[in-house]
Amino acid sequence: RPPGQPCCTSGAMSMSLVRIAPRLTGVFATTMAVVVVTTIATKLEPPTNQLSFREGAGSHGASVCQSELDCGLNGDCTDGACVCDAAWTGRTCTELNLVPLAPEAVGSGAYRHDSRTSWGANVLYSEEDGQYHMFVAEMMGNCTLTSWIPNSQITHAVAERPEGPFTYKEKLFDTFHHNPRLTRDPQTGDYLLFMIGGDMEGTAPTCENLPDSVGETYDTRILVSTAKSLLGPWSEPAGPLLEQGAVSAWDYVVTNPSPIILENGTTYLYYRGTPKYWTDDDGGAGEGPYGDVGKGAPMDLPESVGLAIAPHYTGPYTKAFSQPILSVMNEDPFAWKDDRGFHLLTHGRDDWWNTHYSYSADGLYWSSGADVACDPNITTTDGSVAKFTNRERPQIFFNETTGKPAILFNGVCPGAKYTYAYTMAQFINQN
288 RPPGQPCCTS
298 GAMSMSLVRI
308 APRLTGVFAT
318 TMAVVVVTTI
328 ATKLEPPTNQ
338 LSFREGAGSH
348 GASVCQSELD
358 CGLNGDCTDG
368 ACVCDAAWTG
378 RTCTELNLVP
388 LAPEAVGSGA
398 YRHDSRTSWG
408 ANVLYSEEDG
418 QYHMFVAEMM
428 GNCTLTSWIP
438 NSQITHAVAE
448 RPEGPFTYKE
458 KLFDTFHHNP
468 RLTRDPQTGD
478 YLLFMIGGDM
488 EGTAPTCENL
498 PDSVGETYDT
508 RILVSTAKSL
518 LGPWSEPAGP
528 LLEQGAVSAW
538 DYVVTNPSPI
548 ILENGTTYLY
558 YRGTPKYWTD
568 DDGGAGEGPY
578 GDVGKGAPMD
588 LPESVGLAIA
598 PHYTGPYTKA
608 FSQPILSVMN
618 EDPFAWKDDR
628 GFHLLTHGRD
638 DWWNTHYSYS
648 ADGLYWSSGA
658 DVACDPNITT
668 TDGSVAKFTN
678 RERPQIFFNE
688 TTGKPAILFN
698 GVCPGAKYTY
708 AYTMAQFINQ
718 N
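Have a look at this one:
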């Protein structure tokens, strides 16, 4: 779909939720016994073809599907046609079935803190105080996304409803910390906040980026903090959890973590990998395959999704493959597991305005990542379309009763690419 045309909409729906609580029940529903981590010491077979069963849907004569795999693991295959779960739509159940938003909700967003830029969010419910708790990346002062390193911090906000509006509560982790991903340990119930960054507390918000050779050392540090309560206290972020790749590797930078923790503790950590693209300060020794962006290399470099596996969320992690798990370039993974299988929402890179969807029966071998789950625009209840330059950092809030996707959170740019942004929430169909 070209930008400007909305996708993934449904008829207006009354969404007075009888508490869609945020526990990720579907993520931890069953124990995955397909992979024993010790077997990863020697890399698994490369995912050269990923899942090729639906690369040309409809090739089975008049049928679209032969199994639920042909329906994106989001529906049943009935008489050769996909019957989608409520949260999904489209011929092969790979488009999010998003509910139109009221125009005022588009304007206010889920979190819009004065004139500060925020970029995607995770939300869970706390029975301790009866509130919904958001953990979101927010830029210091009036800095925009163009200077996210070193100006991003992790903010804690609260609301009475899962869609917000959320109000600022506290600065949880100072600069530089970014891309929070909230989940729970299925064995202890502890809250886990994965992120990237490192301690740069006190950095003046100059709204200028650090040099690549300095800033990217923080971008490639995946950390985790723990707490017994969403109200805190939170531990000091520990890490890095995952080693970066070789200088010549596709994942020299490892960032944007998204874990799935199985009931036995085994952790699948999906991450974004990027080649080295700057020149070291010593004049170029160890220069990556794309040279220095200051010397004419492209700004939009290959970004792809990888997988590392550990017996526990604290590690040690071993990369499952020597190459990306998706054949189509994507980044910003959000991973979850339900009774049908494994799922990924990602931000497209060849078409950077779209959100993409991938699926897997085992969490290892995936569909290509080409399916478009949503474009950047939002259909409103009055029939108009609110257009955004960017709609990224997809994160999902899950329905407690069904474990199915209930609200999509994103960071959105209403103006120029990667300038001012705020955090948006849009309901996903439940009926």
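Numbering of the sequence shown is given in the numbering used here, commencing with residue 288 and proceeding in unit increments. Just so it is clear, CB atoms sit at the ideal spot from N, CA and C, and this is done for glycine as well. This one's a predicted model, so the numbers in the text were calculated from it and none came from an experiment.
Per-residue burial, residue i [other beta carbons within 10 Å of its own, 16 or more giving buried]
i	result
Q353	exposed
T475	exposed
E550	exposed
T442	buried
A703	exposed
D625	buried
D649	exposed
P585	Low confidence applies to P585: its pLDDT is 45, below 50, so where it sits in the model is not reliable, and the reading given next is rough at best. When all chains shown are included, P585 counts as exposed.
G377	buried
N429	exposed
N718	exposed
A389	exposed
G362	buried
A374	buried
A660	buried
V699	buried
E415	exposed
V410	buried
V592	buried
A533	exposed
G690	buried
G560	buried
E355	buried
L459	buried
P449	buried
P692	buried
E425	buried
G313	Annotation note: pLDDT 35 at G313 (below 50); position unreliable, no value reported.
When the options are compared against residue i, the one with the closest alpha-carbon
i	options	result
A525	E495, G552, L480	L480
E590	G552, Y539, S413, E382	Y539
I694	N677, T706, N716	N716
G484	R448, A514, L510, P473	L510
T710	N384, G650, A397, L383	A397
M427	S655, P437, L549, H420	P437
F665	G394, I596, E550, G656	According to the sequence shown, residue 665 is Ile rather than Phe. Checking every option, the nearest Cα to that of I665 belongs to G394.
V451	T493, Y419, S439, C430	According to the sequence shown, residue 451 is Gly rather than Val. Nearest option by C-alpha distance: Y419.
E495	T376, Q682, T706, L588	T706
G359	T688, H643, S434, F684	H643
H400	F714, L385, V423, E415	V423
M487	G502, P473, D477	G502
D506	T676, T462, I547	T462
D472	I548, L459, A536	I548
S512	T504, Y478, G532, L529	Y478
K563	Q610, Q531, P449, T554	Q531
A595	T553, D669, H464, G628	T553
K515	T561, S434, S413	S413
C380	C364, A392, P390, E391	C364
P663	S522, A712, T493, L432	A712
P701	K691, N677, T688	N677
L469	A622, V370, A368	A622
I612	F460, P467, R448, Y652	Y652
Y646	G628, W639, D638	G628
P520	S614, A708, E457	E457
DSSP bridge partner residues for residue i (one or two, in chain order)
i	result
Q682	F696
G560	V541, S591
F481	R468, V511
F629	K624, S647
N716	According to DSSP, N716 bridges with nothing at all.
I612	DSSP output for I612 lists no bridge partner at all.
H634	E618, T642
D658	Y644
T462	According to DSSP, T462 bridges with nothing at all.
Y709	V699
P546	L556
A525	V511
T493	None, per the DSSP bridge assignment.
N677	C700
Any chain D beta carbon closer than 8 Å to residue i
i	result
S402	In summary, chain D is missing from the structure at hand, where a single protein chain is found.
Touching by the beta-carbon criterion (3+ pairs, under 8 Å), the region 597-610 and the region 633-640: no
With three or more beta-carbon pairs closer than 8 Å as the criterion, would you say the region 649-658 touches the region 682-702? no
Are three or more beta carbon pairs between the region 530-546 and the region 603-623 nearer than 8 Å? yes
Inside the region 412-455 only - alpha helix (DSSP H) runs reaching at least 4 residues: 435-438
Three Cβ pairs or more, each shorter than 8 Å: is that satisfied between the region 402-415 and the region 371-385? no
Run through the region 360-413 for me and flag every whole alpha helix (DSSP H) of 4 or more residues, listed as ranges in chain order. 390-395
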